[in-house]
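Engineer:
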Amino acid sequence: MKAIALDLDGTVLNNSGEFPDSLADTLQEVHDKGIKIIIATGRSLQMIHEKVPHSVQVDGYVAASGMTVHHGDTLLSHTAFSKDQVEFVLSQVREHKIYYEMTTGRHGGPYTFKEDRDYSVDDLTQTPDATVLEYENIGTARTLNSTEQWIDEDGIDRADIIKFYFFSNDKEKLERWFTLLNEKFTSDAGYQIYRTSNHNSEIMVYGTDKGTGLMTLVDTMNISIGDVHAFGDSMNDIPMFKAAGKSTAMQNAKEDVKAIADDVTEFSCDEDGLEHYLRKNYL
Numbered sequence: 001m002k003a004i005a006l007d008l009d010g011t012v013l014n015n016s017g018e019f020p021d022s023l024a025d026t027l028q029e030v031h032d033k034g035i036k037i038i039i040a041t042g043r044s045l046q047m048i049h050e051k052v053p054h055s056v057q058v059d060g061y062v063a064a065s066g067m068t069v070h071h072g073d074t075l076l077s078h079t080a081f082s083k084d085q086v087e088f089v090l091s092q093v094r095e096h097k098i099y100y101e102m103t104t105g106r107h108g109g110p111y112t113f114k115e116d117r118d119y120s121v122d123d124l125t126q127t128p129d130a131t132v133l134e135y136e137n138i139g140t141a142r143t144l145n146s147t148e149q150w151i152d153e154d155g156i157d158r159a160d161i162i163k164f165y166f167f168s169n170d171k172e173k174l175e176r177w178f179t180l181l182n183e184k185f186t187s188d189a190g191y192q193i194y195r196t197s198n199h200n201s202e203i204m205v206y207g208t209d210k211g212t213g214l215m216t217l218v219d220t221m222n223i224s225i226g227d228v229h230a231f232g233d234s235m236n237d238i239p240m241f242k243a244a245g246k247s248t249a250m251q252n253a254k255e256d257v258k259a260i261a262d263d264v265t266e267f268s269c270d271e272d273g274l275e276h277y278l279r280k281n282y283l
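According to UniProt numbering, the sequence shown holds residues 1 to 283 in order.
1. Quick one: grab the DSSP three-state call for M47.
2. For H229, which residues does DSSP report across the bridge?
3. Count the other C-beta atoms from every protein chain shown that fall within 10 angstroms of the C-beta of T112, then say buried if there are 16 or more, exposed otherwise.
4. In three-state terms, what does DSSP make of L133?
5. Between the C-alpha atoms of L75 and I161, what's the straight-line distance to the nearest angstrom?
6. Taking the straight line between their C-alpha atoms, what separation do you get for Y206 and H78?
7. Taking Cβ positions, are S268 and Q251 nearer each other than 8 angstroms?
8. Roughly how many angstroms lie between the CA atoms of L174 and D263, to the nearest whole one?
9. Measure from the alpha carbon of I260 to the alpha carbon of each residue in L278, Y277, F241, L13, then state which is nearest.
10. Residues in its own chain within less than 7 angstroms of W150 by CB, not counting five upstream and five downstream?
11. What distance in whole Å lies between the Cβ atoms of E136 and S197, which are believed to be in contact at a cut-off of 8 angstroms?
12. I believe I225 touches M215 by the beta-carbon criterion, under 8 angstroms. Please report the beta-carbon distance rounded to the nearest angstrom.
13. Would you list the residues sitting across from A63 in a DSSP beta bridge?
14. Could you say which of A80, M1, F231 lies nearest to D7 if we only look at CA atoms?
15. Any idea what DSSP makes of M215, helix, strand or coil?
16. In whole angstroms, what separates the C-alpha of Q148 from that of H49?
17. Starting from Q92, trace the beta strand (DSSP E) both ways and give me its first and last residue.
18. Would a C-beta distance cut-off of 8 angstroms place F166 and N145 closer than the cut-off?
19. Which term fits P53, buried or exposed, when burial requires 16 or more other beta carbons within 10 angstroms of its beta carbon?
20. Can we count S65 as close to the ligand NAP, meaning its CB is less than 7 angstroms from some heavy atom?
21. Identify the residues that DSSP records as bridge partners of Y165: which are they?
22. On the DSSP bridge list, what partners appear for H78?
23. Does DSSP put T143 in a helix, in a strand, or in coil?
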């Protein structure tokens, strides 16, 4: 393989959202062997840089599940919702009072409009269901204490929104919202729905995903998609798994992700599963 494409949450990062210190050294050793490193995640480029140590030599990024693709510092592609799509999303979240975050292509995020804070805070501060993941609790605390996330209606370019993320501490409320997403946010309307836990869901523009983003990137890098080894754990990794020459699901991955993977790591993301796999198979 000439490149590895790595998801972040649940793959590179543990369930506390931490980047293991020793993994940086392992990735450097892999890179020193001539294997390119690609980060392919649902996070924006800004959020990637907040999580991945500067010491890690990353050759390219498939960010926001393919909505932006970067070769080094060069932006290769940018896919955003239409203004009509954005208005429809906002009308639905406000009707159903579901907490949301917006990610932009140029300035990252997350952003949430101030006028929606009251019902969002009510949702975020209720007692978390036992199935809420640790990194989701960390994200909630970050949101409640943020001075940057909450913005005025005119504080964002609505033509630059590349992803909406939804969350609730109430599992049943999120289930109802996920059902509504599947009913109203169809592919015919230009939406793609993903889910990475029992308490979240997200939508991007239909037809653009980690798979299409990865193909755009490797074409620029002059690497065959068949020479890419993809690692992941969630629903939004499936298009990347289908595109890549080889795919490996984490031990903690969803069962439908494991089902289409070529193999599964011996250990989970909380047990340095990616590092163990790379050392065994690449070093």
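Positions of the beta carbon are idealized from the N, C-alpha and C atoms, including for glycine.
This one's a predicted model, so the numbers in the text were calculated from it and none came from an experiment.
Structural biologist: Let's see:
1. Looking up residue 47 in the sequence shown gives position 47. DSSP places M47 in helix when its eight states are reduced to three.
2. Position 229 of the sequence shown holds residue 229. DSSP lists I4, K246 as partners of H229.
3. Position 112 of the sequence shown, counted from the first residue, corresponds to residue 112. By the neighbour-count rule (16 or more Cβ atoms within 10 Å), T112 is buried.
4. Translated into positions along the sequence shown, residue 133 becomes position 133. Reduced to three states, the DSSP call for L133 is coil.
5. Within the sequence shown, the letter at position 75 stands for residue 75. Within the sequence shown, the letter at position 161 stands for residue 161. Each residue's alpha carbon lies about 16 angstroms from the other.
6. Counted from its first residue, the sequence shown places residue 206 at position 206. Counted from its first residue, the sequence shown places residue 78 at position 78. The straight-line gap from Cα to Cα measures roughly 13 angstroms.
7. Mapped onto the sequence shown, residue 268 falls at position 268. Mapped onto the sequence shown, residue 251 falls at position 251. In this structure, Q251 lies closer than 8 angstroms to S268 by Cβ.
8. The count along the sequence shown starts at 1 and reaches residue 174 at position 174. The count along the sequence shown starts at 1 and reaches residue 263 at position 263. The straight-line gap from Cα to Cα measures roughly 31 angstroms.
9. Here residue 260 is taken as the residue at index 260 of the sequence shown, counted from 1. Of the listed residues, the one whose Cα sits closest to I260 is F241.
10. Reading the sequence shown from its first residue, position 150 is the one you call residue 150. The residues are T112, K114, R117.
11. For the purposes of this step, residue 197 is taken as the residue at position 197 of the sequence shown. For the purposes of this step, residue 136 is taken as the residue at position 136 of the sequence shown. Going by Cβ atoms, the distance from S197 to E136 rounds to 7 angstroms, so yes, they are a contact pair.
12. The count along the sequence shown starts at 1 and reaches residue 225 at position 225. The count along the sequence shown starts at 1 and reaches residue 215 at position 215. I225 to M215, Cβ: 6 angstroms. Contact.
13. Indexing the sequence shown from 1 puts residue 63 at position 63. Its beta-bridge partners are T68.
14. To locate residue 7, count along the sequence shown from 1; it is residue 7. Nearest of A80, M1, F231 to D7, Cα basis: F231.
15. As a first step, residue 215 must be located in the sequence shown, where it is residue number 215. Of the three classes helix, strand and coil, the one that applies to M215 here is helix, per DSSP.
16. Here residue 148 corresponds to residue number 148 of the sequence shown, with the count starting at 1. Here residue 49 corresponds to residue number 49 of the sequence shown, with the count starting at 1. Position check: residue 148 holds Glu in this sequence, whereas Gln was assumed. Their backbone Cα atoms lie some 17 angstroms apart in a straight line.
17. On the sequence shown, residue 92 is found 92 positions in, with the first residue counted as 1. Here Q92 belongs to no beta strand (DSSP E); instead the alpha helix (DSSP H) covers 83–96.
18. As a working note, residue 166 is residue 166 in the sequence shown. As a working note, residue 145 is residue 145 in the sequence shown. No. Outside cutoff.
19. The count along the sequence shown starts at 1 and reaches residue 53 at position 53. Counting Cβ neighbours within 10 Å, P53 comes out exposed, since fewer than 16 surround it.
20. The model on display carries no ligand, and the ligand NAP is accordingly not part of it.
21. On the sequence shown, position 165 is the one that residue 165 refers to. Paired residue(s): E101, E202.
22. Locating residue 78 in the sequence shown gives position 78, where the first residue counts as 1. Answer is T68.
23. Counted from its first residue, the sequence shown places residue 143 at position 143. Three-state DSSP puts T143 in a helix.
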